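**Student:**
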Amino acid sequence: MATSNFVRSATPASAALLRYTSALEDKFKKLRQYRADGIIKPEDAVVIAVYQGAILDSDLHDRLMPSIAKALFCRLPSRNRAPWRGEKMLKAYPLMLSVLRRLRPVLVQIEKHDHYLGNQLRRAAASVALNLEEGSGSCGGTRNARYRTALGSARETGACIGLGMALGYVEQVAPELLDELDQVRAIVATVTR
193 MATSNFVRSA
203 TPASAALLRY
213 TSALEDKFKK
223 LRQYRADGII
233 KPEDAVVIAV
243 YQGAILDSDL
253 HDRLMPSIAK
263 ALFCRLPSRN
273 RAPWRGEKML
283 KAYPLMLSVL
293 RRLRPVLVQI
303 EKHDHYLGNQ
313 LRRAAASVAL
323 NLEEGSGSCG
333 GTRNARYRTA
343 LGSARETGAC
353 IGLGMALGYV
363 EQVAPELLDE
373 LDQVRAIVAT
383 VTR
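First residue of the sequence shown: 193, per this note's numbering; consecutive thereafter.
#1: Does the Cβ-Cβ distance between valine 365 and valine 300 come in under 7 Å?
#2: Look at glutamate 326 and arginine 338 and say whether their C-beta atoms are less than 7 Å apart.
#3: Could you check if valine 238 is buried or exposed, using at least 16 other CB atoms within 10 Å of its CB as the buried criterion?
#4: Can the beta-carbon of arginine 224 be found less than 7 Å from the beta-carbon of proline 234?
#5: Does cysteine 331 come out as helix, strand or coil in the three-state DSSP assignment?
#6: Would you give the residue range spanned by the alpha helix (DSSP H) that proline 367 belongs to?
#7: With DSSP run on the structure shown, which of helix, strand or coil describes glutamate 217?
#8: Could you pull out every residue in the same chain whose Cβ sits closer than 6 Å to the Cβ of phenylalanine 220, ignoring the five residues on either side in sequence?
#9: Excluding five sequence neighbours on each side, which residues of the same chain lie with their C-beta closer than 6 Å to the C-beta of threonine 195?
#10: Could you give the C-beta distance for alanine 346 and valine 383, rounded to a whole number, given that I count them as a contact under 8 Å?
#11: Just the Cα atoms here: how many angstroms apart are alanine 378 and glycine 360?
#12: What separation, rounded to the nearest whole angstrom, lies between the Cα atoms of aspartate 229 and aspartate 236?
#13: Below 8 Å on the Cβ atoms is my contact criterion, and I expect valine 380 with alanine 284 to pass it. Report the Cβ-Cβ distance as a whole number of Å.
#14: If we call anything under 7 Å between Cβ atoms a contact, is leucine 287 one with alanine 317?
#15: If you count every other CB in all the chains shown that lies within 10 Å of the CB of alanine 342, and 16 or more means buried, which is it?
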């Protein structure tokens, strides 16, 4: 009897969930664009299909709830949250990246006087962006925990800037930087209620 060297490897549960989530995000992005372009009206019913054939043995991990359902329900807002929650968070991450770009000269000035405060500012600001992005790829309690951490780090970023100004390390901060940081804090505070 001949033996085959072909080995079919299963897709790990986390990878399968990530693939489904990514596919659904792409579909929702297209749906939003179609609605923005007027191709689909907001009141029109839609069906979203995802082909699972490329995800080997995906059904092996679906003991309680199918991975596709997990991906979908982690993506959709719950009954207790505002329906625009996901849309707001999509705006927070690029806003925070803009804050980080505007923060560079302030960070250099603070570090000239106080290396530790500069380091704290850098870590707090980076933590906001990292937790926003990590939270967007999570669901349930993990998502809320990441967003709460992002909010705390955003407040810490503002406090570091304020300390730098109060201690005379920085004479002036661009109003756009402070405005964008306020917007990030407001968005994250709204969704973590």
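All residues carry an ideal CB built from backbone N, CA and C; glycine is no exception.
Small disclaimer: the values here were computed from a predicted structure and weren't measured.
**Tutor:** The structure says:
#1: Here the question's residue 365 lines up with position 173 in the sequence shown. Here the question's residue 300 lines up with position 108 in the sequence shown. No, the Cβ-Cβ distance between valine 365 and valine 300 is not below 7 Å.
#2: Here residue 326 corresponds to residue number 134 of the sequence shown, with the count starting at 1. Here residue 338 corresponds to residue number 146 of the sequence shown, with the count starting at 1. A contact, by the Cβ cut-off of 7 Å.
#3: Reading the sequence shown from its first residue, position 46 is the one you call residue 238. With fewer than 16 other Cβ atoms within 10 Å, it is exposed.
#4: For the purposes of this step, residue 224 is taken as the residue at position 32 of the sequence shown. For the purposes of this step, residue 234 is taken as the residue at position 42 of the sequence shown. Not a contact, by the Cβ cut-off of 7 Å.
#5: Walking along the sequence shown from the start, residue 331 turns up at place 139. Note: cysteine 331 maps to coil in three-state DSSP.
#6: Within the sequence shown, the letter at position 175 stands for residue 367. Where proline 367 is concerned, the enclosing alpha helix (DSSP H) starts and stops at 367 to 383.
#7: Counting from one through the sequence shown, the residue named residue 217 turns up at place 25. Helix, per DSSP.
#8: Locating residue 220 in the sequence shown gives position 28, where the first residue counts as 1. Contacts found: none.
#9: Working through the sequence shown from its first residue, we reach residue 195 at position 3. With a pLDDT of only 45 at threonine 195, under 50, the local geometry of the prediction cannot be trusted, and the value read off the model is given with reservation. No residues qualify anywhere along the chain.
#10: Working through the sequence shown from its first residue, we reach residue 346 at position 154. Working through the sequence shown from its first residue, we reach residue 383 at position 191. Actually they are not in contact, since the Cβ atoms of alanine 346 and valine 383 sit about 12 Å apart, beyond 8 Å.
#11: Translated into the one-based positions of the sequence shown, residue 378 becomes position 186. Translated into the one-based positions of the sequence shown, residue 360 becomes position 168. When rounded, the distance between both Cα atoms is 27 Å.
#12: Here residue 229 corresponds to residue number 37 of the sequence shown, with the count starting at 1. Here residue 236 corresponds to residue number 44 of the sequence shown, with the count starting at 1. Pairing aspartate 229 with aspartate 236, the inter-Cα distance amounts to about 14 Å.
#13: The count along the sequence shown starts at 1 and reaches residue 380 at position 188. The count along the sequence shown starts at 1 and reaches residue 284 at position 92. Between valine 380 and alanine 284 the beta-carbon gap is near 6 Å, inside 8 Å, which marks them as a contact.
#14: As a position in the sequence shown, residue 287 is number 95, starting the count at 1. As a position in the sequence shown, residue 317 is number 125, starting the count at 1. Not a contact, by the Cβ cut-off of 7 Å.
#15: Position 150 of the sequence shown holds residue 342. Result: buried.
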